[in-house]
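Peer 1:
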Amino acid sequence: MLDLVLPRRCLVCGEGGGQLCAGCRAALPRVVPPLCERCGAPTAWPVRRCRECSGRRLGFDQARAAVAYDGAVRRLVAAWKEHGLRRLAEDAADLVAERVPVPNADVVAFVPGDRARSSDRGHHPAQRLAEALAERWGMPCEPLLVRARPARRQAGLPLAERRRNVTGAFAVRTSPPESIVLVDDVYTTGSTVSAAASAFRSAGAGRVDVVTFARTIRFFEAT
Ligand SMILES: [Zn+2]
Ligand SMILES: [Zn+2]
């Protein structure tokens with residue numbers, strides 16, 4: 005509905021041409037290889053673990069993202085969270101499908117929204133993205149995860165606190181299939197998807213891969 009009432013101007017440059025104009029879409033900073041095999045961070049050459057993720061206990065097997073979480077992408081994601089903008093979920097899914105190979109998994113799941121923050125507005129970007137990706141990948145999308153308890157906002161918390169904040173935050177609804185693709189909108193430190201993946205593993209899943217639209221890039225230099 006909001007799509008109809010909001011002016012059809014590009015959320016990045018403010019010009020016409022839809023919510024994401026062709027020029028800005030082409031200019032979005034793609035995450036390109038070589039990557040850390042585990043967490044998907046861009047690295048100088050392919051590595052199994054990188055500076056960002058080595059020594060960390062991560063609940064997922066592999067994480068991949070389409071674009072870097074920089075200025076333009078931040079603006080898109082903020083508008084996406086704030087207004088829903090269903091069309092943006094489709095754009096985001098197209099960008100992910102361009103960059104991330106089709107995962108070999110049984111089901112697409114997503115990080116559930118915090119009821120207090122997102123669901124009351126009737127939309128949840130991670131779910132919309134998961135549904136759009138499941139369609140492109142020809143896989144079922146299922147709401148397998150729930151929030152076991154409300155979490156404080158992750159934004160602004162230091163890494164150790166982020167981990168504490170989300171540990172035990174998720175519960176699995178039903179016995180999960182063997183392999184799962186877990187979708188979220190943004191990968192910041194990986195703490196949230198790691199906790200969600202751990203919940204799946206504890207419930208018996210064999211493999212959990214993470215796919216996000218955007219990813220924070222910490223180190224561009226060699227690792
Ligand atoms: Zn634009
Ligand atoms: Zn890594």
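Terminal number for the sequence shown in the numbering used here: 227, no gaps in between. We put the beta carbon where it would ideally sit given N, CA and C, even for glycine.
How long is the line joining the alpha carbons of glycine 172 and glycine 27, rounded to whole angstroms?
Peer 2: Residue numbering aside, residue 172 sits at position 168 when the sequence shown is read from its first letter. Residue numbering aside, residue 27 sits at position 23 when the sequence shown is read from its first letter. C-alpha separation (whole angstroms): 42 angstroms.
Peer 1: CA-CA distance, alanine 83 and asparagine 108?
Peer 2: Taking the first residue of the sequence shown as position 1, residue 83 is located at position 79. Taking the first residue of the sequence shown as position 1, residue 108 is located at position 104. If you take the alpha carbons of alanine 83 and asparagine 108, they lie about 31 angstroms apart.
Peer 1: Give me whichever residues DSSP pairs with leucine 149 in a beta bridge.
Peer 2: Counting from one through the sequence shown, the residue named residue 149 turns up at place 145. Note: leucine 149 sits in a beta bridge opposite Val176.
Peer 1: According to the neighbour-count rule (16 or more other Cβ atoms, all chains shown, within 10 Å of its Cβ), is glutamate 19 buried or exposed?
Peer 2: Within the sequence shown, numbered from 1, the residue matching residue 19 stands at position 15. Glutamate 19 should be labelled exposed.
Peer 1: Anyone know if the C-beta pair for alanine 69 and arginine 219 falls short of 7 angstroms?
Peer 2: What you label residue 69 is simply residue 65 of the sequence shown in a count that begins at 1. What you label residue 219 is simply residue 215 of the sequence shown in a count that begins at 1. Yes, these two residues count as a Cβ contact at 7 angstroms.
Peer 1: Which same chain residues end up closer than 6 angstroms to serine 202 when comparing Cβ atoms and leaving out the 5 residues on each side of it in sequence?
Peer 2: Locating residue 202 in the sequence shown gives position 198, where the first residue counts as 1. Excluding positions up to five away in sequence, the list reads Gly63.
Peer 1: Would you mind listing the alpha helix (DSSP H) stretches within the region 84-111 that are 4+ residues and don't spill past its ends, in chain order?
Peer 2: Runs found: 90-103.
Peer 1: Which same chain residues end up closer than 7 angstroms to alanine 226 when comparing Cβ atoms and leaving out the 5 residues on each side of it in sequence?
Peer 2: The residue labelled residue 226 in the question sits at position 222 within the sequence shown. Note on alanine 226: pLDDT 45, under 50, position unreliable in the model; the coordinate value appears next. Closer than 7 angstroms at Cβ, skipping near neighbours: Ala48.
Peer 1: So the candidates are His127, Ala164, Arg153, Ala101; which of them puts its Cα closest to the Cα of alanine 138?
Peer 2: Here residue 138 corresponds to residue number 134 of the sequence shown, with the count starting at 1. Among His127, Ala164, Arg153, Ala101, the Cα nearest to that of alanine 138 is on Ala101.
Peer 1: Strictly by DSSP, which residues pair up with aspartate 188?
Peer 2: In the sequence shown, residue 188 corresponds to position 184, counting from 1. Its beta-bridge partners are Thr216.
Peer 1: Give me the residue from Arg177, Arg157, His87 with the minimum Cα distance to arginine 168.
Peer 2: To locate residue 168, count along the sequence shown from 1; it is residue 164. Ranking the options by Cα distance to arginine 168, first place goes to Arg157.
Peer 1: Can you tell which of Phe114, Pro181, His87, Tyr191 has its C-alpha closest to the C-alpha of arginine 222?
Peer 2: Here residue 222 refers to the residue found at position 218 of the sequence shown. That would be Tyr191, whose Cα lies nearest to the Cα of arginine 222.
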